[in-house]
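J.: Supplied in structure tokens, the structure appears directly below.
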Amino acid sequence: MKKLTIIFEKTGTGYSAFAEDLPVYTVGRNLDELKKNIIEALNLYFEERKVEITENDVNIKLDLPQFFDFYKVINAKVLSERIGMNQSLLAQYINGNKKPSSTQTQRILKGVQQIGRELSEISFLL
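Letter by letter, the sequence shown follows residues 407 to 532 of our numbering.
Written out as structure tokens, the structure reads:
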């Protein structure tokens, strides 16, 4: 089965999620709860087909403000320096004041993914 694309959106009371190509949606108070709920909703949808959906089967899409709201640990100032983007421009994208182009979105995503790869390769001395 190909990965299912799930769109996460912030609402006035929390978050909502829906499958891009299926009639499946849910809500949650936070992104962790929303992930759990969308997996449960997808499994209910596929129950008759005897298909089990896990987190590995979904591709979650967030917009930049939601991403930086959820992953507060990522420092936007440092990220802007790493990817060579004006800090104030990145801040406007993060705050939702401006919408980044596809090229700018890919640039930011590559920077975040690079940080993720670097972090995954770290080990601590015990």
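Note that CB positions come from ideal geometry on N, CA and C, so glycine has one too.
Expressed to the nearest angstrom, what Euclidean distance is found between the alpha-carbon atoms of L410 and E461?
T.: Rounded to whole angstroms, L410 to E461 spans 10 Å at the Cα level.
J.: Would you say I476 and I500 are within 8 Å of each other, going by their C-beta atoms?
T.: Before going on, a small fix: residue 476 reads as Phe here, not Ile. Result no, Cβ atoms of F476 and I500 do not sit closer than 8 Å.
J.: Check N465 in the structure and name its three-state DSSP category.
T.: Of the three classes helix, strand and coil, the one that applies to N465 here is strand, per DSSP.
J.: Tell me the DSSP secondary structure of V484 in three-state form.
T.: Helix at V484.
J.: In the DSSP assignment, the beta strand (DSSP E) including F424 goes from what residue to what residue?
T.: Counting along the chain, the beta strand (DSSP E) containing F424 begins and ends at Y421 to A425.
J.: Contact between the region 412-420 and the region 430-443 is defined here as three or more beta-carbon pairs at a separation below 8 Å; is this criterion met?
T.: In short, these stretches touch, since the Cβ pair count reaches three.
J.: What did DSSP end up calling I548 once you bin it into helix, strand or coil?
T.: Given a span of 407 to 532 for the chain in the structure shown, any question on residue 548 remains unanswerable.
J.: Give the secondary structure of Y431 by DSSP, where H, G and I count as helix, E and B as strand, and everything else as coil.
T.: Of the three classes helix, strand and coil, the one that applies to Y431 here is strand, per DSSP.
J.: Classify E527 as helix, strand or coil using the three-state DSSP reduction.
T.: Three-state DSSP puts E527 in coil, outside helix and strand.
J.: What separation, rounded to the nearest whole angstrom, lies between the Cα atoms of I521 and N465?
T.: For I521 and N465, the distance between alpha carbons rounds to 19 Å.
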